[in-house]
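In what follows, a structure is listed as structure tokens, so that the remarks can point back to it.
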Amino acid sequence: MKLHEYQAKAIFARYGIAVPDGSLASTADEAAGATASLGGRAAVKAQVHAGGRGLAGGVKVVSSPDEASSFAAGLLGSHASGVPVESVLVEALADIGQEMYVAMTMDRDHRGPVLIASAGGGTSIEQLAAEDPDAIITEPIEPVLGLMPYQTRRVASRLGMSGATLREAAGVLSALYRIFVENDCSLVEVNPLIVTGDGSIMALDAKMDVEDDALFRHADLQQLRDRSPDDIAYVSLDGSVGCLVNGAGLAMATLDVANAAGAAPANFLDVGGGATDEKVATAVGIILSDPKVDRVLVNVFGGILRCDVAARGITMAYQQLQAKQPLVVRMLGTNLEEGKSILAGSGLNVTFADTLTEVTAALSHPAAGE
């Protein structure tokens, strides 16, 4: 289960980690009011379970309540990184002296928890690791002993800190490990963790992933679950073919089929098995919100998710959004003929395919307008 930034920061604060003053806003007027209360300048951040919000236009520094209102109005109800935006976090600006990356996670190679850190905070850690592996600090943690004080001091020193700042940073690292263990997390990440102009340590961002199988131990965390995505697994990619699939394995195979046809996928999206009409419509809406998408590939195995349910959800989303992108649809299984009939009578630009070979052939033709 993923927590939103504002939820994770509330937990950080309980563990003594400094975070910027801020408040949650679900309307443009609330965003303007929050900005005014912070002196008229603030950072407005979309609260979505998606990475790369800054690059996707989901974060902006605003210089007035009116600017905050305008930016929030454009975000709320839209999609950032393909995920619906229902609220924004309005935060005070920080005096940034140094940016760092810090995370606690589980590592297969070390067969246990690790502390990962880098002096190159505020950027894509994956890109940094690929370009400069030596910039990544990895500190394995012995689960029986936990993160030891000498380890936190060593990592803080390697990040370039000394004196009182080093001691404070070491305390923050210890607190992050306590959060990781005590809340049964698979990931606790801060990007960036900053040293302010006066030498204090502050978390400007916060990410927490909690193990679903451990939630029975955390009634307080269960109440924080955001059910709006409702188990839709979405990852944005660089291509132009939107992909709607049920099942992670089938989704991976579908990406391979699209690539083999020379049609790069725009996303990985697994709508899951027990989807309703509305859930399928939400998933299609996420796909269509990506401006890169010029056509949509649907590959559904109608077991738990019936073909007629998928067809109604697709039609609903296209009609609500008045979308025109052509569809390539391969459906097999329960209520197949009913599903095909719904799509055929919808007025949408649909090409049906019964086999993956036919899917490849359909995708090999350029989309309209190319």
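With full-length UniProt numbering, letter number 7 in the sequence shown gets 7, and the count goes up by one each step, no holes. Cβ atoms here follow ideal geometry from the backbone N, Cα and C, with glycine treated the same way.
### Query
With burial defined as no fewer than 16 other Cβ atoms inside 10 Å of the residue's Cβ, what is the status of residue 46: buried or exposed?
buried
### Task
Figure out for me which residue from 27, 182, 289, 352 has the closest Cα to the Cα of residue 307.
352
### Task
Rounded to whole angstroms, what's the CA-CA distance from residue 101 to residue 357? Just pull it up for me.
45 Å
### Query
Just the Cα atoms here: how many angstroms apart are residue 220 and residue 58?
Answer to the nearest angstrom: the Cα atoms are 28 Å apart.
### Task
Please work out which residues of its chain come closer than 8 Å, Cβ to Cβ, to residue 416, disregarding the five sequence neighbours upstream and downstream, and give them in chain order.
Not covered by the structure: residue 416. The range shown for the chain is 1 to 370.
### Message
Within a Cβ cutoff of 6 Å, which residues of the same chain sit near residue 110, ignoring the five residues on either side of it in sequence?
### Response
These residues qualify, in order along the chain: 140.
### Query
Roughly how many angstroms separate the alpha carbons of residue 213 and residue 2, rounded to a whole number?
13 Å
### Query
So which of 251, 336, 273 has the shortest CA-CA distance to residue 241?
251
### Message
Here's a check: name, in chain order, each residue in its chain whose Cβ is nearer than 7 Å to the Cβ of residue 121, leaving out the five neighbours to either side.
### Response
99, 100, 101, 191, 192, 193
### Query
Taking the alpha-carbon positions, what's the residue 137 to residue 117 distance?
5 Å
### For residue 224 and residue 84, the rounded distance between their alpha carbons
Residue 84 and residue 224: Cα-Cα distance of roughly 17 Å.
### Straight-line gap, residue 31 to residue 364 (C-alpha atoms, nearest Å)
46 Å
### C-alpha distance - residue 370 paired with residue 265, whole-angstrom precision
Because residue 370 sits at a pLDDT of 47, beneath the cut-off of 50, its placement in the model cannot be relied upon, and the following sentence gives the value as read from the coordinates. Those two C-alpha atoms are separated by around 16 Å.
### Message
Please give the ranges of any beta strand (DSSP E) in the region 311-358, keeping only runs that are unbroken, at least 3 residues long and fully inside the region.
### Response
327-333, 350-352
### Message
One question on the structure: do residue 261 and residue 359 come within less than 9 Å of each other, judged by their Cβ atoms?
### Response
Contact annotation: residue 261 and residue 359 have beta-carbon atoms nearer than 9 Å.
#### Entry: Three-state class that DSSP yields for residue 369 in the structure shown
For residue 369, the predicted model reports a pLDDT of 46, less than 50, meaning its position is unreliable and no value from the coordinates is stated.
### Query
So what does DSSP say about residue 225, is it helix, strand or coil?
Here residue 225 sits in coil by DSSP.
### Message
Closer than 8 Å to a non-hydrogen atom of the ligand ATP - does that hold for the CB of residue 129?
### Response
Absent from the structure shown: the ligand ATP. Ligands present: none.
### Task
Enumerate in chain order the residues of its own chain whose CB-to-CB distance from residue 89 is below 7 Å, with the five nearest sequence positions on each side excluded.
5, 6, 22, 24, 45, 47
### Task
Would you mind stating whether residue 208 and residue 8 have Cβ atoms separated by less than 9 Å?
yes
### Query
Which runs of the beta strand (DSSP E) fall wholly inside the region 236-266 and span at least 3 residues, in chain order?
241-245
### Query
To the nearest angstrom, how far is it from the Cα of residue 355 to the Cα of residue 171?
Residue 171 has its alpha-carbon roughly 58 Å from the corresponding atom of residue 355.
### Message
Does residue 7 come out as helix, strand or coil in the three-state DSSP assignment?
### Response
helix
### Message
Starting from residue 69, trace the alpha helix (DSSP H) in both directions and tell me its first and last residue.
### Response
65-75 is the extent of the alpha helix (DSSP H) around residue 69.
### Message
My assumption, with CB atoms under 8 Å, is that residue 38 sits in contact with residue 61. Please give the rounded CB distance.
### Response
Not confirmed; about 12 Å, so no contact.
### Query
Quick one: what does DSSP say residue 17 is sitting in, helix, strand or coil?
coil
### Task
State whether the region 293-309 contacts the region 324-336, with contact taken as three or more CB pairs (one from each stretch) at a distance under 8 Å.
yes
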